[in-house]
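So the structure is just underneath, and the comments pick up after that.
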Amino acid sequence: MTERGEECLHRDRSSLAIGPSSLHWDGEKLTIDIVETTPWLRRKVRGRVSVYPHALVDRPLALGRSERHFWWPMAPCAHVEAQFDDPDLSWSGTGYLDINIGAEPIENGFAHWDWARATMPGGRTVVLYDLLPREGAPASLAVQFDPAAEVREVDLPAPQDLPPTWWLMGRRTRADRDARVKVRHTFEDTPFYARSALEMKLFGEQVEAMHESLSLDRLRSPLVQFMLPYRMPRTAQRRTLPRVPWPIRSRPAGDDRWE
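Below is the structure:
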């Protein structure tokens, strides 16, 4: 991942390109072409991820009472295929696609959240959210997505604490009260964000889940802000200014707009 300026952004009704990487929707699948380099060692990352949704959700859901932040699980149940040349690897299995939308930076609306997604028998998906907004009471959400039925809220499982990360960030999830949750592997462990694979019992079923914890208080800290460019490089490209015919027309004092 590389942060890029607006001059690197191109989009239309069915595609989005950010620098050399792009996404394209053809009505049946989302194709994600990745052309990037890793931080530090600057190794190439080149490959394609194809997302085949089993069903599509047609609208976002407000997170919190302010309705300034929204969560949109566009394809909560999907088949995913990944094929990479650099590094040489491939994978296929169940997957998920969502986005978050906000009218303000996410750290302005929330202090922390925990999220988990589990694939249930029969192709169903359950998503669990625990939110700590900066204003108002904490909120929790449990939603079941079934490609053959409507989206519906389900009863909240019991909260369970997970072991802290290497960066000592607290995290928790929800699962059946009578079963212990196991952290199989932590893929991302940063000062403010952790992403892990879990083994857990949910609604009487033994399942695997993807879990994330996000600390927005830590993200706000000056130290983390200083460290971010080392983890996610930023590409600064000079913008080409328009040529202005000579002579330049005068403008009123105090008006800084280009004529």
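Note that numbering that gives the first Met the number 0 gives residue 205 to position 206 of the sequence shown, counting from 1, and the numbers run on in steps of one. By construction, the Cβ of each residue, glycine as well, lies at the ideal position given by its N, Cα and C atoms.
Please check the pair W112 and L131, which I expect to be a contact at CB under 8 Å, by giving their CB distance rounded to whole angstroms.
As a working mapping, residue 112 is identified with position 113 in the sequence shown. As a working mapping, residue 131 is identified with position 132 in the sequence shown. The beta-carbon separation of W112 and L131, rounded to 7 Å, stays under the 8 Å limit for a contact.
Using only the alpha-carbon positions, how far apart do P146 and L222 sit?
If you number the sequence shown from 1, residue 146 lands on position 147. If you number the sequence shown from 1, residue 222 lands on position 223. The straight-line gap separating the alpha-carbon atoms of P146 and L222 is approximately 44 Å.
Please tell me whether P75 and F186 are closer than 8 Å, where the distance is taken between their beta carbons.
Taking the first residue of the sequence shown as 1, we reach residue 75 at position 76. Taking the first residue of the sequence shown as 1, we reach residue 186 at position 187. No, they are not a contact pair.
Assuming P134 and S65 make a contact with CB atoms under 8 Å, what is their CB distance in whole Å?
Start at 1 with the first residue of the sequence shown, and residue 134 comes out as number 135. Start at 1 with the first residue of the sequence shown, and residue 65 comes out as number 66. Before going further, note that residue 134 is Glu rather than Pro in the sequence given. Between S65 and E134 the Cβ distance is about 7 Å, and since that is below 8 Å, they are a contact.
Going by DSSP in three states, P75 sits in which element: helix, strand or coil?
Counting from 1 along the sequence shown, the entry for residue 75 is found at position 76. DSSP places P75 in strand when its eight states are reduced to three.
Tell me where the alpha helix (DSSP H) around E106 begins and ends.
Against the sequence shown, residue 106 aligns to sequence position 107. Boundaries of the alpha helix (DSSP H) harbouring E106: 105 to 108, taken from the DSSP string.
Output the distance between the C-alpha atoms of R10 and D177, rounded to the nearest integer angstrom.
Locating residue 10 in the sequence shown gives position 11, counting from the first residue. Locating residue 177 in the sequence shown gives position 178, counting from the first residue. Answer to the nearest angstrom: the Cα atoms are 49 Å apart.
Taking the alpha carbon of K200 as the reference point, which residue from V182, G63, R217 has its own alpha carbon closest?
Taking the sequence shown and counting its residues from 1, the one referred to as residue 200 is at position 201. For K200, the nearest C-alpha among the options comes from V182.
Proximity to D25 [Cα-Cα], best of F225, P104, S13
By one-based count along the sequence shown, residue 25 stands at place 26. When each option's Cα is compared against that of D25, the closest is S13.
By alpha-carbon positions, which one of R170, L29, A193 ends up nearest to V50?
Here the question's residue 50 lines up with position 51 in the sequence shown. The candidate whose alpha carbon is nearest that of V50 is L29.
Of all the options G4, V56, M0, which has the alpha carbon lying nearest to the alpha carbon of K43?
To locate residue 43, count along the sequence shown from 1; it is residue 44. Selected option, being the one with the closest Cα: M0.
Three-state class that DSSP yields for R289 in the structure shown
For residue 289 there is no data in the structure shown, the boundaries of the chain being 0 and 258.
Expressed to the nearest angstrom, what Euclidean distance is found between the alpha-carbon atoms of I98 and P72?
Sequence index remark: in the sequence shown, residue 98 carries index 99 (1-based). Sequence index remark: in the sequence shown, residue 72 carries index 73 (1-based). The C-alpha of P72 is placed about 7 Å away from the C-alpha of I98.
Which of helix, strand or coil does DSSP assign to V223?
As a first step, residue 223 is located in the sequence shown; it is residue number 224 there, counting from the start. Here V223 sits in helix by DSSP.
Span of the beta strand (DSSP E) holding H9?
The residue you call residue 9 lines up with position 10 of the sequence shown. Its beta strand (DSSP E) spans residues 8 to 10.
So for R237, helix, strand or coil by DSSP?
By 1-based counting over the sequence shown, the position of residue 237 is 238. In this prediction, R237 has a pLDDT of 47, which is less than 50 and means its spatial position is unreliable; what the coordinates show is noted afterwards. Correct three-state label for R237: coil.
Mapping the DSSP letters down to three states, classify P246 as helix, strand or coil.
Working through the sequence shown from its first residue, we reach residue 246 at position 247. Its pLDDT being 43, under 50, P246 is placed unreliably by the model, and the measurement read from it follows with that caveat. P246 falls in the coil class under three-state DSSP.
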